[in-house]
Every structure is written in C-alpha cells, then in structure tokens.
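Going down the list, the protein sequences come from chains A and B. For the first sequence, the numbering used here begins at 76 and goes up steadily by one. For the second sequence, the numbering used here begins at 76 and goes up steadily by one. The beta-carbon is built from N, C-alpha and C at its ideal position, and this holds for glycine as well.
Number of protein chains: 2
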Amino acid sequence: MTDVVIAGIGQTEVGEHWDIGLRDLAYAAIHDAVEDAGGLKPQSLFVGNMLAPNLSRQAHVAVLVADFAGLNGIEAVTVEAAGASGGAALRQGYLAVASGFVDVALVVGVEKFTDKVGAGVDEALATTGDADFEAVQGVTPAAQAALLMKRYMHEYEVPADGFAGFALTAHANGVANKNAMFRKAIKAEVYAKAEMVSDPLNMFDMAPNADGAAAVLLTRRELLPSNYKNPLVKVAGSGASSDTLALHDRKDMLFFDTAHISAGKAMKQVGLTLDGIDFFEYHDMFSIFAALQLEAVGFAIKGSGWKLAADGSIGLKGSIPCATMGGMKARGFTGGAAGVYQAVEATIQLRGQAEANQVRDARFGLIQSLGGPASTSVSHILQRLDQD
Amino acid sequence: MTDVVIAGIGQTEVGEHWDIGLRDLAYAAIHDAVEDAGGLKPQSLFVGNMLAPNLSRQAHVAVLVADFAGLNGIEAVTVEAAGASGGAALRQGYLAVASGFVDVALVVGVEKFTDKVGAGVDEALATTGDADFEAVQGVTPAAQAALLMKRYMHEYEVPADGFAGFALTAHANGVANKNAMFRKAIKAEVYAKAEMVSDPLNMFDMAPNADGAAAVLLTRRELLPSNYKNPLVKVAGSGASSDTLALHDRKDMLFFDTAHISAGKAMKQVGLTLDGIDFFEYHDMFSIFAALQLEAVGFAIKGSGWKLAADGSIGLKGSIPCATMGGMKARGFTGGAAGVYQAVEATIQLRGQAEANQVRDARFGLIQSLGGPASTSVSHILQRLDQD
Chain A
76 MTDVVIAGIG
86 QTEVGEHWDI
96 GLRDLAYAAI
106 HDAVEDAGGL
116 KPQSLFVGNM
126 LAPNLSRQAH
136 VAVLVADFAG
146 LNGIEAVTVE
156 AAGASGGAAL
166 RQGYLAVASG
176 FVDVALVVGV
186 EKFTDKVGAG
196 VDEALATTGD
206 ADFEAVQGVT
216 PAAQAALLMK
226 RYMHEYEVPA
236 DGFAGFALTA
246 HANGVANKNA
256 MFRKAIKAEV
266 YAKAEMVSDP
276 LNMFDMAPNA
286 DGAAAVLLTR
296 RELLPSNYKN
306 PLVKVAGSGA
316 SSDTLALHDR
326 KDMLFFDTAH
336 ISAGKAMKQV
346 GLTLDGIDFF
356 EYHDMFSIFA
366 ALQLEAVGFA
376 IKGSGWKLAA
386 DGSIGLKGSI
396 PCATMGGMKA
406 RGFTGGAAGV
416 YQAVEATIQL
426 RGQAEANQVR
436 DARFGLIQSL
446 GGPASTSVSH
456 ILQRLDQD
Chain B
76 MTDVVIAGIG
86 QTEVGEHWDI
96 GLRDLAYAAI
106 HDAVEDAGGL
116 KPQSLFVGNM
126 LAPNLSRQAH
136 VAVLVADFAG
146 LNGIEAVTVE
156 AAGASGGAAL
166 RQGYLAVASG
176 FVDVALVVGV
186 EKFTDKVGAG
196 VDEALATTGD
206 ADFEAVQGVT
216 PAAQAALLMK
226 RYMHEYEVPA
236 DGFAGFALTA
246 HANGVANKNA
256 MFRKAIKAEV
266 YAKAEMVSDP
276 LNMFDMAPNA
286 DGAAAVLLTR
296 RELLPSNYKN
306 PLVKVAGSGA
316 SSDTLALHDR
326 KDMLFFDTAH
336 ISAGKAMKQV
346 GLTLDGIDFF
356 EYHDMFSIFA
366 ALQLEAVGFA
376 IKGSGWKLAA
386 DGSIGLKGSI
396 PCATMGGMKA
406 RGFTGGAAGV
416 YQAVEATIQL
426 RGQAEANQVR
436 DARFGLIQSL
446 GGPASTSVSH
456 ILQRLDQD
C-alpha cells in the first residue's frame, strides 16, 4: 500500500478565546496547514467536533468550516465520538486517502468551550455519557473519573500524591510550547495543596477545557508537491475500538480494553512492538486515564502505570516520554480538537522540530484519543520516513 | 475494484415512538439487518444521527448503539451532516469496505424526535443552519424553505397548487408501505385546503418529523455467506459535496449545486447517464427541495421540476419514479436515519420485493440525502446485480 503522509499541520493557541468563534478557530488552523503543505488543495474535509450542538447551538459544523474556509464544493462531514472525535476524524481521513477514493483529505478538530460557562459546560460534557442511566443521575465525567481513581488507589495502595507525576511532567513540558494554555512548571507541593474537584481527584488531576483548533492535511506520498520541504511523516497504523458507554457495565473498570485493542491494531498494522515506540501522546483528560492507558497499551503492568509518572519514566528523557508538548493537562483539553492536536504535536516531534521538547531520535510516535472513560479509543502510529 | 454489496437491511416503523428510546430503535433495525444478511458480523459501525445531542441530550450515540446491540469492541463512530447524516454515514461505511480496511460495516441511521416537543424540536432543527447568522434571527428550516419556494414560484410563475403532485405521489405510494407513518392517499382538494405553515409552504409541502431507525450491512461480494439468499444489490457509485451553510450566501439559491455535483460524481463512478436511472429517492423534506433536486440532477430543466410532479412523471409508472415507498412526506422524516431509509427502500426495489410499489425492471436507483438547503448533499447509486 502507498504511504499516507501528513503533508501539513496547523494549530491555534489553546485558551479562552472569548472573541473568536468556531469558524474562525478552524480557519486559522486550516490556513496554516495548507500553507505548511505547500498549497495542496483538499477534496474532503473531516471535522472532529464533540459538543458544538450544545456548547454553540451549532450542528452541521463541517459545512460551517468548509464554507468559511472557502472550500465550497468539497465533501464535508463531522465525525463525533465524544473526546475521541479528533482521533476518529483523523481515522476517517486516513481511510479515505489510503483507499484511493480521496487524494487530499483535510482533518480539522475544533471546539469552542467558552460559548457556554459554568454548569452549561458540565451539562454539555455529560451528554457524552449515558443520558438515561448516568447523566440523569448527575454523573459528570469528572465525578466519574474520581470514582475510578478512588477505586484504583484503594486497589493498588497508591499514596495520596501518587498521581502528581502526570501533572508535573505535563506542566514542565508545556513551558516551551507556545500554543499551550499553561506554560508554567509546577512543584510537588503545589499538587499536594491543590483544591479538590471531586475527592481524590484534584485540580491538577484534570485537564482544563479550552478553545482551540488543529488541522492536518493528508495525502499519498506521490502526490506531494515537487517543492515539498518538510521532513516526511507517515500515518503508519490506525485502530479504533468501543466499549460499554457506562462504566458500571464493565467487568473490570480498571482496565481500558479499548485502549489495549486500538493500540494493538495500530501496532499490528506497522509490525511494531512496544520497544519501537519512542513517545506516547495519551489522553490525559484525567491523570487516572493516563495511568490506565499506560497499562492498557502495555508500558506498565496492571496497577503500576502511576509509577512511570512517579519515577520520571514519562519525562522527555525517560523510557517512554509522554505528553511531550504539555499534553491535555498543560496544553488544554480542546474537546473534538484534542486528537488532532496530538497528531500535530507528534508530527512536530517526528520532524525533529520540537526544540526544547524534542524526544531524541524519535521515529515512531503513538497517539491515543479517548471518548468517555475509554468507551471509545482511537490510536494512530505516526512514523518519520527516511528521505533520499 | 471488488463489488461492495448491501448484504442486509432493517428498518423500524416510522412514527411517534414515545416509549422507545434511541438505543432500542437502533437495535431493532440492526437485529433485522444482521438476520437478513445471514448473520454476518460487523467490525465497524457508522451511525448517522442528526440531533440527539439536543433532542435526547445524548452525544456519543454510536457507542450507545454498539453497546446496546452487544457489539462491544468494534469501531463505532457517529457521522453528522444535518439531514444528510444518514447518507454521509452510508458513504463512510462504503469507503471503509471498498478500501479493504473493513470487511463488514454496519451503517445505522437513528433519530428520536419525540424526546422533545414543540419549540424544543424547532430549536434543535435550527442548529443545522448558521447559528450566528440564521438561527439567531429565528430562521427555522421550514421558514427558509418557504422563502425559497416563494422565490421559485415568483420566478417561474408556478400556480398555487403547482407543488401538489409531490405530496399526492408520496401519499399514494405510502399506502402499501407498512413502515410508513402516513398510509393514506390524499386528493388535490385536501392539498388545496391545507393549513399554511409558512406561506406559501403548507402542511403537505413538508415532511413530518418522526422517530425511526434503519440499518444496512455492507460487505464485499466474496465475503457473503455461502447460503446467502437475497438478490444481490451493489453500491455502485457514491459522491458528496458541500455548499454555503447559509442560503443568503448563494449566488443562485434556486439551483442546488451540491445535488448536481454529488449525483454527477456517483453517476460518473458507475459510468451511467440519466437514462439509466430507474428511480430516484430524493430528499423531500420540503416539496421545493424535491423540485430543485429534479432540476439539479438533470431530470428537468431549471424552473420545471415541479411539472414532473404535476404531470405524473414521478409516479411509479412515470418516466422517473420518485419517493417510491412514500418518501419523507408519507414515510416520515427521520433525521439522521432518513438517508439510510432511502438505502433500505432502494434495496427492496432492486431486489424486486417492493410488491405494490415495485418499479418495473428496476436496475439502478439513485438516492440523495440533503443537509440544510442542500448545504450538504450525498448521493449513492445502488445497482441490482445479475446472478448466476
């Protein structure tokens, strides 16, 4: 099969963009991605969006974006899988290009949290759970993550500050990322004193909701412009999986089956084992998610994912660098854009352009996007290609 | 390229299912589709849904559906393109199977309008337009269609009852469709006396919002079970296109560019001209949409689409039979399920199982799904395959 490459990338600063709408955010990312790709024109647009129908009273987002970007005529479709919407849109774009049906696909993730405030955001986020059996009881994603974290800490005797390493690493890596929402390193004492959101989950165990858009332009290698300048990055593997929507229906809620299955599918496609993965962009919406993903993918045995954060293994020079540009904790959680930010950041790493955040000799990066408590998981492996 | 066939179909009755939820509706259609396909197991699920985040406070619908159907583990993603969500989901499923990445794809359309009532439904429907420039002014899809119809009638000097033929044909064809919401033929006098919704658009110029789910199971021909019994129907062509989200941004609002482009792409893929199309399932959410689609696809010249309804050409024995099982007008408009209902009904026609509604010697059917005022259009051509 022909190589599907990431020809261009774009991203906006992540933060509270009170005065910028969905369409403007998306366009900024598209503009940069198209320019970065040397002007390649897409035929299809796949938009990852999670909550605009509730946050912004706007459905049909893909057409809103295509229209404002002057792309009238092209195919435009919105892909939704809760927090994994960005990863799912990337996968649809990848399938379209790999299949030969589409030559150039534009994948855009966009979310605008600040169109709502306070309880309106929590209500919108709760729609990603089971409306009839979870949301109606008032279970928000954060409350649910806290229950998961409490059970994990009890089961595996994790100390109170056991999860601190996830936030410390993310914030340390966010400092040099000019698009990150938080660019300030934090100390262990800050984590220890942080306000509780839902015991035992504190303010630093959870990523901030933020506005942002990210875009990647996918094409087949042979279709790149002759003057193409960027180091080549390939989408080498792709996998997706779903589990029960509600956490209470799982046989074992402390193992993220979908994270295991989707990463396994992507690795199998590449013919890669864990040793070959140079960095891992997990879905650290909550620190407990990061720990469970490290275990599900296989970097740690069950109950010990948190130790990789505590002992520095997930640092830029550790055995498996994670959240290398700040992750969701420091960059910000951009809803349906989150999975596309992962792809953009991984591409920067694989191009060798991550500067202070560069993972040395990065050749394969694993990115993983989750929807709900891993009710959906979409994994991709991006690969640096050697060039003549 | 290998043939992608519709191995199984399923649909629920269309109507007001006050006591049945999203997941139950979807499951009923899936059950029938899997059984019809001889038990084929899908690896990927593409759900077309338009408004559940607002109507049912439920996002992440694909996982809700996969979970309830006992399909945990499979890829599950929601595809949204307003009223074209069903057509767009069908296209994603088709691309996944045609590409070889997926062997069996399940495409489900589902919508549950009765989770909201009255203004709540109008508010939800308005999210499919431009939130900042249309919905905020109170423009609902029906009000917009009325403006379009008024302009058309003025421009082409259409008499007051010029659109009656669309409703009369749909209702006549709905009588024998046991899944249709309205199974009663109407007379011209009834149309003439109908209550206005938004002048000149009356109650019979518009399809009723309704609950329902439809499903098709797609696979490659060689993967069909050895005991497969149904006549073979192939997805022969597929095309999609987008236009401005807001009607006021069109150069010519009386020509549906996307309907022209998407149908053209699908026909080009098959190598088919208009003469070869035996019936057309249009997106008759509004009678004016039906007229404009007949013109955009090429069955009528500009300004004369309504005449095909007035002179009986769209009847079952006419030159281009439309809404052959009642269309959206009589079957009901099922939101993100509408495009999948079209695929199910076209398959029944092509299998030769449409009984009283059978289009004689039907070999090629064109189905077209619209989002907004053709801001999105997705077209497919289904083909009856000759068997040994």
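Proximity test, Cβ basis, 8 Å: residue i and chain B
i              : result
residue 129(A) : yes
residue 96(A)  : yes
residue 244(A) : no
residue 135(A) : yes
residue 138(A) : yes
residue 197(A) : no
residue 126(A) : yes
Test: residue i CB closer than 8 Å to a CB of chain A
i              : result
residue 336(B) : yes
residue 26(B)  : The structure shown does not extend to residue 26(B), since chain B is modelled only from 76 through 463, so no value can be given for it.
residue 384(B) : no
residue 132(B) : yes
residue 286(B) : no
residue 350(B) : no
residue 375(B) : no
residue 104(B) : no
residue 141(B) : yes
CB-CB length for residue i against residue j, believed under 8 Å
i              : j              : result
residue 128(B) : residue 149(B) : No, residue 128(B) and residue 149(B) are not in contact; Cβ-Cβ is about 22 Å, not under 8 Å.
residue 185(B) : residue 288(B) : 4 Å
residue 361(B) : residue 283(B) : With 8 Å as the limit, residue 361(B) and residue 283(B) do not qualify as a contact, their Cβ atoms being about 12 Å apart.
residue 123(A) : residue 414(A) : 6 Å
residue 204(B) : residue 358(B) : In fact, because the Cβ distance is near 16 Å, the residues do not count as touching under 8 Å.
residue 448(A) : residue 212(A) : Wrong, their Cβ atoms sit about 15 Å apart, outside the cutoff.
residue 191(B) : residue 100(B) : So it is not a contact: roughly 15 Å between Cβ atoms.
residue 378(A) : residue 369(A) : About 11 Å separates the two Cβ atoms, so there is no contact after all.
Near the ligand SAM: residue i beta-carbon under 7 Å from a heavy atom
i              : result
residue 233(B) : Of the ligands one can find in the structure shown there are none, so the ligand SAM has no counterpart to examine.
According to a CB-to-CB cut-off of less than 7 Å, which residues of the region 148-178 of chain B neighbour chain A? Going along the region 148-178 of chain B in chain order, one finds 148, 149, 150, 151, 152, 153, 154, 155, 156, 157, 163, 167, 170, 171, 173, 174, 176 with a Cβ nearer than 7 Å to chain A.
Counting Cβ pairs, one atom from each stretch, are 3 or more of them under 8 Å apart for the region 311-328 of chain B and the region 343-353 of chain B? Enough Cβ pairs lie closer than 8 Å, so yes.
Quick check on the DSSP output: what are the complete beta strand (DSSP E) runs of length 3 or more inside the region 201-289 of chain A, in order along the chain? If we require 3 residues or more, the beta strand (DSSP E) runs fully inside the region 201-289 of chain A come out as 271-273.
Can you check the region 332-419 of chain B for any beta strand (DSSP E) of at least 3 residues that lies completely inside it and give the ranges in chain order? With a minimum length of 3 residues, the continuous beta strand (DSSP E) runs that stay inside the region 332-419 of chain B are 354-356.
Which residues of the region 312-330 of chain A have a Cβ closer than 9 Å to any Cβ of chain B? Give them in chain order. Taking a C-beta cut-off of 9 Å against chain B, the contacting residues of the region 312-330 of chain A are 313, 314, 315, 316, 317, 318, 319, 320, 321, 324, listed in chain order.
For the region 94-128 of chain B, which segments carrying the alpha helix (DSSP H) assignment without a break, of at least 4 residues, lie completely within its bounds, in sequence order? Entirely contained in the region 94-128 of chain B, the alpha helix (DSSP H) runs reaching 4 residues are, in chain order, 97-111.
Within 8 Å, do at least three Cβ pairs link the region 381-397 of chain B to the region 360-370 of chain B? At 8 Å Cβ cutoff, the stretches touch.
Given 8 Å as the limit, is there contact between the region 91-107 of chain B and the region 234-246 of chain A, that is, 3 or more CB pairs closer than that? Contact between the region 91-107 of chain B and the region 234-246 of chain A is absent, because fewer than three Cβ pairs lie under 8 Å.
Under 8 Å, with one C-beta from each stretch per pair, do the region 347-356 of chain B and the region 319-334 of chain B reach the 3-pair mark? When C-beta atoms of the region 347-356 of chain B are compared with those of the region 319-334 of chain B, fewer than three pairs fall below 8 Å, so the two segments do not count as touching.
Continuous beta strand (DSSP E) assignments of at least 3 residues falling wholly in the region 117-185 of chain B: Taking 3 residues as the minimum length, the beta strand (DSSP E) runs contained wholly in the region 117-185 of chain B are 119-123, 150-155, in order along the chain.
Taking a Cβ distance cut-off of 9 Å, strictly less, list which residues of the region 450-462 of chain A are near chain B, in chain order. Listed in sequence order: 450, 451, 453.
Quick check: the region 325-332 of chain B against the region 214-228 of chain B, are at least 3 beta-carbon pairs closer than 8 Å? A contact is defined here as three or more CB-CB pairs under 8 Å, and the region 214-228 of chain B meets this definition with respect to the region 325-332 of chain B.
Mind listing which residues of the region 403-418 of chain A have their C-beta closer than 9 Å to chain B's C-betas, in chain order? Within the region 403-418 of chain A, no residue has its Cβ closer than 9 Å to any Cβ of chain B.
Per the contact definition of three or more C-beta pairs closer than 8 Å, is the region 152-169 of chain A in contact with the region 439-457 of chain A? Short answer: they touch.
Compile a chain-ordered list of the residues in the region 202-224 of chain B whose CB is closer than 9 Å to at least one CB of chain A. Within the region 202-224 of chain B, the residues whose Cβ lies closer than 9 Å to some Cβ of chain A are 202, 203, 204, 205, 206, 207, 210, 211, listed in chain order.
If contact means a Cβ-Cβ distance below 7 Å, which residues of the region 437-450 of chain B contact chain A? For the region 437-450 of chain B, the beta-carbon criterion of a distance under 7 Å to any beta-carbon of chain A is satisfied by 446, 447, 450.
Three-pair Cβ contact test at 8 Å for the region 242-251 of chain A versus the region 392-411 of chain A: Contact holds: three or more Cβ-Cβ distances are below 8 Å.
What are the complete beta strand (DSSP E) segments, minimum 3 residues, inside the region 418-461 of chain A? Fully enclosed beta strand (DSSP E) runs of 3 or longer: 439-446, 451-459.
Segment contact, 8 Å Cβ cut-off, at least three pairs: the region 253-271 of chain B with the region 78-85 of chain B: Touching, no.
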